[in-house]
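Quick note, the sequence shown lines up with residues 12 to 233 if you use the working numbering. Where a beta carbon is used, it is the ideal one built from N, C-alpha and C, also for glycine. I have placed the structure first, in the form of structure tokens, so that the comments after it can refer back to it.
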Amino acid sequence: GQAEQTVELQVPAEMRFLLALPEDYEQDQQKKWPLMLFLHGSGERGDNFDLVKVHGPPMQIAAGKKFPMIVASPQCPAGKRWQAVTLLALIDHLAAKYRVDQDRIYVTGLSMGGFGTWALAAYAPERLAAIVPICGGGERYWARDVKHLPIWAFHGAKDTAVPVERSESMIEAITKAGGKPKLTIYPDAGHNSWKATYDNPEVYTWLLSQKRGQAAADPTVP
């Protein structure tokens, strides 16, 4: 026969990450801050944090940029992919240890990290306020789970590593499901569409105006 059993599982996983707290984090001990999780691409995997600082927010922070939010940039081990379950565990850890505004948790990433961003959104859509996946993609059936999320995706039209159709397909499926995602395609960009995206202050302004459980706010529209 077969007996019914239930076990409480704790999946052990070690995660290395870079953390940047806002400049005035210590000033107000009551204030909660937005959290942005940045997921790098496949070329930055390993155990050398200098690789994580090659692109995106960690590169900008290393160059002196100050973000008005907590920025966590994990490093994926060599040969591995981003796993939604461990990324969510990292968010839980950060939310327990730091003053995180649970209604303003944002995820962004490029290439492999763009795929990871979509996957985390599909895995835990109720935890996130908005996502910015860059030159990534996902499964169309995730649309029903993420359709309520504010989503702004980016891709280069001339990308040969991840075809622009991967982003277009997700946006189309989500729109069909009743969502209102945004997609920006750079007509002349190849795979490195993340440069123009992370260099655009409007992306961060847009992110910071999103709150969990609310329809997408568009601060760029007067």
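Proximity to residue i [Cα-Cα], best of the options
i    : options                : result
T186 : V173, K158, Q86        : K158
E179 : G190, K43, F165, A172  : F165
E41  : G54, P136, V111, G120  : With the sequence shown as reference, residue 41 is identified as Gln, and Glu is not the correct amino acid for it. Measuring from the Cα of Q41, the nearest candidate turns out to be V111.
V118 : I142, D39, C146        : I142
E150 : D103, V65, W129        : W129
C146 : Y152, D156, W153, W163 : W163
Residues near residue i by beta carbon distance below 6 Å, same chain, minus five either side
i    : result
Q86  : R27, V63
E34  : K77
Y134 : A95
R177 : G148
A31  : I72, V82
L48  : A83, V118
L98  : L131
Neighbour-count burial assignment, residue i, 16 or more Cβ in a 10 Å radius
i    : result
A89  : exposed
Q221 : buried
V22  : exposed
R92  : exposed
G12  : exposed
T208 : buried
A74  : exposed
E55  : buried
Q16  : exposed
A24  : exposed
Simplified DSSP state of residue i, which is helix, strand or coil
i    : result
G167 : strand
P233 : For P233, the predicted model reports a pLDDT of 48, less than 50, meaning its position is unreliable; a value from the coordinates is still stated below. In the structure shown, P233 sits in coil (DSSP, three-state: anything other than H, G, I, E or B).
V157 : helix
Y152 : helix
V214 : helix
Q41  : coil
S122 : coil
Y197 : strand
R92  : coil
Beta-carbon proximity list for residue i, same chain, < 7 Å, skipping 5 on both sides
i    : result
P230 : T216, W217, S220
I182 : A164, P192, L194
Sequence-distant residues of the same chain with beta carbon closer than 8 Å to residue i, five excluded per side
i    : result
L139 : I116, Y117, V118, L131, A132, L160, R223
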